[in-house]
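Working notes, structure below.
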Amino acid sequence: MSKRVDLERTLKRLRLVGCLARLDELEGQEWLERLIAIEIEERTRRSLENRTRIAGLGSYKPLCDFDWVWPKKIDRPLVEELLTLHFIGEGANVVLLGPNGVGKTMLLKNIASRALQAGHPVLVRTASDLLADLARQESSVARARRLRAYVAPAILCIDEVGYLSYDARHADLLFEVVTRRYDKGKSIVLSTNKPFAEWPTVFPNAACVVTLVDRLLHRAELVVIEGDSYRLREAQERAQRRAGTRKKGRGPAPT
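End of the sequence shown sits at 269 in this note's numbering; the numbers just go up one at a time, nothing left out.
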């Protein structure tokens, strides 16, 4: 492809029709290349900002703050491999399994952020928000529309499965989401504090739990994290610092 044809296509894509119409006199001008670079940079920034807002990523700690030494068990090479996003092309799922406070949500959101920066559409929802949203759709048409919205993005991140229990209807709705994404080869990143053997307690009386887990794990990378709550450790350290500050503030005891 010649440089001229490439330039014409870029101007068409950016809809800089004035520059395209007068390309014969503008071609070779240094400011034109600078203008195109600025326009591409700004559109990329605005696209990322918009997709991040739609994704519902929210606040989170960057991966550089993750304390890899704290968990008693975590497969760091696997997590770093997942951050390359190769699993998206494979249509594989990612399941982060571990007790409360070991960094599952932090890892989930960092994977989501990396995918957004790579240009992928992403949705991040807690399990309770996702299921409540689907359950409150009053008609089958509205519910089908919401299901399509959860199937559409390249990655659907479902956080905190297992923290609450749900009835059979909610189980059926989650099964529908998982099945539709499974059939289309689209990835789910899910965090849970419950081993899969305990999922029947999360969805009691639901007939679909076994099949739900089977489809979720059929093409999945499982990241098992073991350890004590990092949040609890931070709270204890903060309490100790405050106690030390108060002790210093009181000064020496009177004699």
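No residue lacks a Cβ here, since even glycine has one placed at the ideal position from N, Cα and C. Everything numeric in this text was worked out from a predicted model, so none of it was measured.
- Counting C-beta atoms within 10 angstroms of its own C-beta, K198 has fewer than 16 neighbours from the protein chains shown and is therefore classed as exposed.
- For V109, there is no enclosing alpha helix (DSSP H); the enclosing beta strand (DSSP E) has its first and last residue at 107-111.
- In the structure shown, T98 falls within a coil segment according to DSSP collapsed to helix, strand and coil.
- With fewer than 16 neighbouring CB atoms inside 10 Å of its own CB, W82 falls in the exposed class.
- If you ignore the 5 residues before and after F101, its C-beta comes within less than 8 Å of the C-beta of N107, V108, S201, E235, all in its own chain and listed in chain order.
- When DSSP states are grouped into helix, strand and coil, A168 belongs to the coil group.
- Scanning A168, A185, Q43 for the CA closest to the CA of V175 turns up A185.
- Look at D173 here: in three-state DSSP terms it is strand.
- In the DSSP assignment, V192 falls outside any beta strand (DSSP E) and within the unbroken alpha helix (DSSP H) covering 182-198.
- Judged by DSSP secondary structure, S201 falls within the beta strand (DSSP E) whose first and last residues are 201-206.
- Judged by DSSP in its simplified three-state form, K86 adopts coil rather than helix or strand.
- For R233, no beta strand (DSSP E) run applies, since DSSP gives it neither H nor E.
- In this chain, the beta strand (DSSP E) harbouring L137 covers 136-140.
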